[in-house]
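*Asks:* Quick mapping for you: the protein sequence lines, in order, are chains R and C. Per the numbering used here, the very first residue in the first sequence carries number 1; after that it's consecutive. Per the numbering used here, the very first residue in the second sequence carries number 1001; after that it's consecutive.
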Amino acid sequence: MRHLASILLVLLLTIPSSPIFSQGRVLEKKQVALWFGIRDITRDSLANTGDLDFLNYLHSSDDMSEYQYLGVSAHLWFRGNWEADIKVAMYDDFAPNNLNIKAIWLPMKNLGFTAGIYTYPQLMNEFNMFHRLTDVGFFGDTDSNFRQRRVQESGLTAGLMIPFSYRWLHATAYINGGVSTLSPFTEKVTQKMINGNFKREIRYSTSHSPALFFFPEVELGADCFTFGNAMAGIRVRASWYTVNRSVDYGRVTYEWTYANPARNEVDNPAHHFSKFEFDAGFYLTW
Amino acid sequence: MRISTDRTTRITVLISLAFLLKAVSSCIQPVFDFDFDFNKITVTNLDNSDVYVMRNDRDTMYSSAIAFEVTLSDEEFLAAGSLPKAETAFPGFTPATAMSPESLYHPRHHITALRIVTLEEMSPAIPAGSDVTGLFVAYVPRYSEGFLYIITDELLTMINRDFYPGEPSVSFQLFCNQDITASRVLFAITVTLSDESMLTAQTGIVNLLRAR
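1. Quick one: what does DSSP say residue 1018 of chain C is sitting in, helix, strand or coil?
2. Tell me which residue opens and which closes the alpha helix (DSSP H) that residue 134 of chain R is part of.
3. Our contact map puts residue 1044 of chain C next to residue 1069 of chain C with C-beta atoms below 8 Å; I'd like the distance itself, whole angstroms only.
4. Is there contact between the stretch 174-182 of chain R and the stretch 205-214 of chain R, where contact requires at least three CB pairs shorter than 8 Å?
5. Would you call residue 139 of chain R buried or exposed, if buried means 16 or more other Cβ atoms sit within 10 Å of its Cβ?
6. In chain order, which continuous runs of the beta strand (DSSP E) of length 3 or greater are located wholly inside the stretch 196-278 of chain R?
7. Helix, strand or coil, according to DSSP, for residue 1158 of chain C in the structure here?
8. Please compile the residues from chain C whose C-beta is within a distance smaller than 8 Å of the C-beta of residue 127 of chain R.
9. How far does the beta strand (DSSP E) with residue 165 of chain R in it reach, from first residue to last?
10. Locate the beta strand (DSSP E) running through residue 1201 of chain C, then write down its first and last residues.
11. Chain R beta carbons: is any one of them nearer than 8 Å to that of residue 1148 of chain C?
12. Closer than 9 Å, Cβ to any Cβ of chain R: which residues of the stretch 1138-1167 of chain C, in chain order?
13. Would you grab the beta carbon distance between residue 158 of chain R and residue 115 of chain R for me? Rounded to a whole angstrom, and I think it's under 8 Å.
14. Looking only at C-alpha atoms, which of R/128, R/233, R/69 sits nearest to residue 90 of chain R?
15. I'd like to know whether the C-beta atoms of residue 266 of chain R and residue 237 of chain R end up nearer to each other than 8 Å.
16. Can residue 229 of chain R and residue 168 of chain R be called in contact, C-beta distance under 8 Å?
17. Can you look up residue 1181 of chain C in the DSSP assignment and give me helix, strand or coil?
18. Please compile the residues from chain R whose C-beta is within a distance smaller than 7 Å of the C-beta of residue 1175 of chain C.
19. Give the single residue among C/1189, C/1205, C/1166 whose Cα lies nearest to the Cα of residue 1074 of chain C.
20. Are the CB atoms of residue 240 of chain R and residue 278 of chain R within a distance shorter than 8 Å?
21. Counting C-beta neighbours from all protein chains within 10 Å, is the total for residue 170 of chain R 16 or more, i.e. buried, or is it exposed?
22. So residue 1051 of chain C contacts chain R; which residues on that side make the cut at Cβ distance below 7 Å?
23. Quick one: which chain R residues come within Cβ less than 8 Å of residue 1048 of chain C?
24. I'd like to know whether the C-beta of residue 1171 of chain C is nearer than 8 Å to at least one C-beta of chain R.
25. In this structure, how does DSSP classify residue 142 of chain R when only helix, strand and coil are distinguished?
26. Compile a chain-ordered list of the residues in the stretch 1110-1134 of chain C whose CB is closer than 8 Å to at least one CB of chain R.
27. What in chain R is Cβ-close to residue 1183 of chain C, meaning under 7 Å?
28. Using 8 Å for Cβ pairs, my map puts residue 1175 of chain C next to residue 1159 of chain C. What's the rounded Cβ distance?
29. Quick check: what's the CA-CA separation for residue 1136 of chain C versus residue 1185 of chain C?
30. For a cutoff of 8 Å on Cβ pairs, would you count residue 1105 of chain C as touching chain R?
31. Taking 8 Å as the threshold, find out whether the stretch 28-35 of chain R comes into contact with the stretch 73-80 of chain R through three or more Cβ pairs.
32. For residue 133 of chain R, which residues from the same chain have a beta carbon less than 8 Å from its beta carbon, with the 5 sequence-adjacent residues on both sides left out?
33. Could you check where the beta strand (DSSP E) with residue 1191 of chain C kicks off and where it finishes?
34. Along the stretch 99-119 of chain R, where does the CB come closer than 7 Å to a CB of chain C? Name the residues.
35. To the nearest angstrom, how far is it from the Cα of residue 71 of chain R to the Cα of residue 222 of chain R?
36. Which chain C residues sit within Cβ distance under 7 Å of residue 201 of chain R?
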C-alpha cells in the first residue's frame, strides 16, 4: 500500500505537467492543490464481554482531532465530460497512505457519477487492556510495551457529484457510498498467573470485515488571482464518513506448552464508527 | 668512529632476530574446542511469583509456583577456568585477533533421561517416593523459543547439544504444573547420561505458601 501510494504521489505531481496531457488534446483543464486538515474520530465503545473486541481500541479521544494530515490533490478535466479527482494525504510519518481517487462522468452540467477507491490508516491502541482488566489473577499481558498497531480501512466507492460554479466561487458536493474493510491482522498476548507457574499465550487472527459506508463530501473553492493562464485560489473541504462494522477473529489459546491449543471463532457485535474531516489549502488551475 | 663486528657476533645477531620474529609472530593456533564430562549437578530454588522468574535464596515458594533450576556441568573444568590452551607450549606471544572466539565445549556423553521423585507426600494421591516427572514442565533459558514451557520429553532434545558455547555446562528450569496441597515439598532430581552414569541432586525442603 505504501509503495502504491508513493507511485501515485509521483504520478500526481508529474501527470498534470506531462506533454501528453497538454491543454486541448486530452485535458481541458488541470488543477493541483496543497492542503492541511484534521480528522476527528467518533466510535462506539461497547462494554467488555468475555471476548476481546478490537474496535473498542481504535484511537479516539476527547480532543478536537485525533489525526492531522497534509495532502496534495489533482483534479483533471478530460475531454468528453470525464474528470478525475486524486487526493493523497499523509500523517506526520509522511507515508502517503491516505488515498481518495475518483473517476467522474458528467452527463449533465450539474450532475455526475463517480466511482473510485478510498483508503486511510488509523491507530489501534492498548487492546491488551482488555486482558489486563478482565483476567483477574494474571499478569494480563506480560509485554510491557505500549501496544499499538495501524489498521488500514479500504473501500470501493460510488456516488453522485453535484458541481456548481458562480463567477469566482466553485462548489462541489459528492455523495459517496460503498463497501470497505479493515485490513486483517494478527496479535499475540502472553499471560502469566500471579504467584503461579501457569502461563498462557493467546493468538488473534482477524478476518476481513466488509461493511457498507456512507461518505458525503463538500468542497468549496474561491479564485483569488490570475497570473498568465493560471488561476490561484483557496479551497476548503469537509467530509463525513460513517460505517457500522464488527471485527471478527479466530483465537488460538495455548496453556502451559504449545501443544493442544484451544481454537475459537469469535463474532463480535457491530460498532458505529464515524469520522469528520476538515481541510483547507490552496489550488492552482490552468 | 668505525664499529667492527666479527663473524660470530653477526651470526648471533641474525639468530636472535629470527627467534624474536618467530616469537612475536607466532603461528600457533589457540584451541577453543574442548571435550568435557557432565559430572556435577546442582539445583537452585526459583521465585516464579512475578512476571519473570528469578533466583530464590529462601526456602519458601507459592504452592502453585514451585520451580527449580538444574545445572549440569564439568566441575573440574569450571574449577580450572576455561582459558584457551595452545596445542604446543611454545614460548611466544598469543597472536592478536580482532575478536577472541568463544570457547566451545563438546560433551563426551549426552543426557538420556530425567527423573524427578518426590521425597515428601505431595497429596494423598502422590505419596513420597512417587515419580512426578510428568508434573513438571521445563524452560531452557538459552535455547527455548517462545513464551511457554516445554514438556520434559522435549527437554532432552533441547538440552542435548553438539557443543555448549562459553562454559561446560547447561541449565534448565523445572516448573511444577500443579497447585500442591502439602505444606512442604522435597524432590530428588536424577539425570542419566549415555554412559549409564547418573547424577542426582536433592532440592532443599521447600515450605509452601498459599496464594491469597
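Each residue gets a CB set at the ideal place from its N, CA and C atoms; glycine is no exception.
*Replies:* Short version:
1. helix
2. 129-134
3. 5 Å
4. yes
5. buried
6. 199-206, 211-227, 230-245, 249-255, 262-266
7. helix
8. In chain order: nothing, as chain C lies at least about 18 Å away.
9. 148-166
10. 1198-1202
11. yes
12. 1146, 1147, 1148, 1149, 1150, 1151, 1154
13. 5 Å
14. R/69
15. no
16. no
17. coil
18. 197
19. C/1166
20. no
21. buried
22. 139, 142, 192
23. 196, 197
24. no
25. coil
26. none
27. Result: empty, since nearest Cβ-Cβ is about 16 Å, beyond 7 Å.
28. About 15 Å; that fails the 8 Å criterion.
29. 14 Å
30. no
31. yes
32. 48, 140
33. 1187-1193
34. none
35. 18 Å
36. 1147, 1148
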